[in-house]
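Novice: Protein chains in written order, with my numbering: chain A, 6 to 228; chain B, 6 to 228. Glycine included, C-beta positions come from ideal geometry on N, C-alpha and C. Predicted model only: the values in this text are computed from it and were never measured.
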DNA sequence: CAAATGTAATAGTAATACTATTATAATTCG
DNA sequence: CGAATTATAATAGTATTACTATTACATTTG
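1. Should residue 44(B) go down as buried or exposed, given a rule of 16 or more other Cβ atoms within 10 Å for buried?
2. What does residue 202(A) reach in chain B if we use C-beta pairs closer than 9 Å?
3. Measure how close the beta-carbons of residue 132(A) and residue 81(A) come, nearest whole angstrom, since I'm counting them as under 8 Å.
4. Got a sec: which bits of the region 178-203 of chain A sit with their beta carbon under 8 Å from any beta carbon on chain B, in order along the chain?
5. Secondary structure at residue 212(B), three-state DSSP: helix, strand or coil?
6. Does chain A have any CB closer than 8 Å to the CB of residue 20(B)?
7. Verify the CB distance criterion: does residue 232(B) have a CB-CB separation below 8 Å to chain A?
8. At the 8 Å Cβ level, is residue 7(A) part of the contact set with chain B, yes or no?
9. Answer yes or no: do residue 194(B) and residue 111(B) have a C-beta to C-beta separation smaller than 8 Å?
10. For residue 220(B), return the contacting residues in chain A, with the cut-off set at a CB-CB distance below 9 Å.
11. Roughly how many angstroms lie between the CA atoms of residue 223(A) and residue 151(B), to the nearest whole one?
12. What residues of chain B sit near residue 55(A), judged by a beta carbon separation below 9 Å?
13. Measure the alpha-carbon distance for residue 161(A) versus residue 87(A) and round it to whole angstroms.
14. Three Cβ pairs or more, each shorter than 8 Å: is that satisfied between the region 184-202 of chain A and the region 204-216 of chain B?
15. Indicate whether residue 1(B) and residue 70(B) have their beta-carbon atoms separated by less than 8 Å.
16. If the cut-off is 8 Å on Cβ atoms, which residues from the region 37-49 of chain B count as contacting chain A, listed in chain order?
17. Which complete alpha helix (DSSP H) runs does the region 138-224 of chain A hold, if anything under 4 residues is left out?
18. Can you list the residues of chain B that residue 139(A) reaches, using a CB-CB cut of under 8 Å?
19. Can you say whether residue 29(A) is buried or exposed, counting buried as having 16 or more other CB atoms within 10 angstroms of its CB?
20. Which runs of the alpha helix (DSSP H), 4 residues or longer, sit entirely within the region 35-118 of chain A?
21. Could you name the residues of the same chain whose beta carbon sits closer than 7 Å to that of residue 189(B), not counting the 5 residues immediately before and after it, in chain order?
22. So with CB distances below 9 Å, who are the chain A contacts of residue 78(B)?
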């Protein structure tokens, strides 16, 4: 599957960027290094100036690709959700039993990313950590409704909607499929965060994992 | 209970502020108006300069009370969690049946705040909305571990721990009481946000509510 | 009523986010 | 081939923000 994925390009809403970063070497460098730098210093302290230094280029060159750092964050997180969606669709394809399909989906959404694999210039392990620490900030803004209308969150919403449908397939009677799907997705990011910074607020320590917690939670709730 | 609460002062960790805002009129005005202004323009665009204008005072006067806007946010959210904790402890007191106690606790934590009541200068309805939109930003930072050590999140953690204990009381066998407690608390904020901005991702629309969703989720999971 | 303290205003600085303009390199096409 | 066009990047800014140092004024206290 890893090599298979390499023959695809993840397509991101064109409105998010000024110039497609996948189209040039500098663009790819911007993606590669911004992931490392945002992870290192956090989105608040991240600036295009600092990024310019590490990519050996100028601040203003970055502005050719992204309007501002918020859009860059949207790009990176959209890429991440798109990657997860791809893995989810691929691994649940042709699985006819609704329970099996649902557990595979939960696994895909809640699992910790272990190794950087498919895309040469994107480190998925670190990108996952960025999503854990910064994703909420991309929608907890005053501009969320306009940006939502512009389609900046389509991939994220589609992913939740896929999980929601699998929940309803498994138990058509259940009244909160969308809420449960969004809880699993957002909740797993939160559990990873707690594990790291507020360990007493979670039970997902080795050998336990968010995947086990949420799989049990969903199956018991839907029974 | 409302009048009863008025005879108490909610105590916030002294390290969060430079000078206790409850100790002066200006301090109370800072709290009152910052709640309204942060709600109106969001924490990113909120500045002490803008706050100075609405409280009819100077930017620098605000710095006498809070080091920066991040600390002010920590103060406001700590106050909120403290208020919720008080209501929770009060309403579950003397309830001996573990199931009843648990459902009351979930109700307190997940319910939507309807009216501004107890404290003259603090609007709890709007403060709840600030918590929904801004709370995650107060811990999704690079400084979280130091600030946690300084005790800036004690009330929040104590609240989750209370719920966690009630979960274990109801079902001592359950393996994820803390994870479930943190999911309920964080998840309910998230469901309120979705209801407002991503309505397709939640089922908590009238007459349904996050309280119903989470009460059912917890009881089914613990059965 | 003088000293001490509390409170607030003025006037800054450093850093950040972003932009306008110019320079240089690469490509296209007659 | 070489002029015109376009792509790309660097320079040099500006406006805003977050925060600080200093001074001025007001209030309290012994």
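Specialist: In terms of the structure at hand:
1. As a first step, residue 44(B) must be located in the second chain, where it is residue number 39. With 16 or more other Cβ atoms within 10 Å, it is buried.
2. For this step, residue 202(A) is matched to residue 197 along the first chain. Near residue 202(A) (Cβ distances below 9 Å), the residues of chain B are 144, 149, 150 and 153.
3. If you number the first chain from 1, residue 132(A) lands on position 127. If you number the first chain from 1, residue 81(A) lands on position 76. The pair is a contact, with the Cβ atoms about 6 Å apart (cut-off 8 Å).
4. 180, 181, 182, 183, 184, 185, 186, 187, 188, 191, 192, 195, 196, 198, 199, 202 and 203
5. Counting from 1 along the second chain, the entry for residue 212(B) is found at position 207. Here residue 212(B) sits in coil by DSSP.
6. Mapped onto the second chain, residue 20(B) falls at position 15. Judged by the 8 Å Cβ criterion, residue 20(B) is not in contact with chain A.
7. The structure shown does not extend to residue 232(B), since chain B spans only 6 to 228, so no value can be given for it.
8. Counting from 1 along the first chain, the entry for residue 7(A) is found at position 2. For residue 7(A), the predicted structure reports a pLDDT of 48, less than 50, and the residue's modelled location is therefore unreliable. The matter cannot be settled from this model.
9. As a first step, residue 194(B) is located in the second chain; it is residue number 189 there, counting from the start. As a first step, residue 111(B) is located in the second chain; it is residue number 106 there, counting from the start. Not a contact, by the Cβ cut-off of 8 Å.
10. The residue labelled residue 220(B) in the question sits at position 215 within the second chain. What residue 220(B) touches in chain A: nothing, since even the nearest Cβ is about 11 Å away.
11. On the first chain, residue 223(A) is found 218 positions in, with the first residue counted as 1. On the second chain, residue 151(B) is found 146 positions in, with the first residue counted as 1. Approximately 35 Å, taken between the alpha carbons.
12. Residue numbering aside, residue 55(A) sits at position 50 when the first chain is read from its first letter. Simply none; closest approach about 14 Å.
13. Locating residue 161(A) in the first chain gives position 156, counting from the first residue. Locating residue 87(A) in the first chain gives position 82, counting from the first residue. Straight-line Cα distance between these residues: approximately 8 Å.
14. yes
15. Because chain B is modelled from 6 through 228, residue 1(B) falls outside the range shown and cannot be assessed.
16. 46, 47 and 49
17. 149-154, 159-175 and 182-202
18. Indexing the first chain from 1 puts residue 139(A) at position 134. What residue 139(A) touches in chain B: 145.
19. As a position in the first chain, residue 29(A) is number 24, starting the count at 1. Residue 29(A) is exposed by the Cβ-count criterion.
20. 53-59, 64-68, 74-97 and 103-115
21. In the second chain, residue 189(B) corresponds to position 184, counting from 1. Excluding sequence neighbours, residue 189(B) sits near 111, 114, 115, 168, 219 and 223.
22. Sequence index remark: in the second chain, residue 78(B) carries index 73 (1-based). The premise fails here: residue 78(B) is roughly 12 Å from chain A at the closest Cβ pair, so nothing lies under 9 Å.
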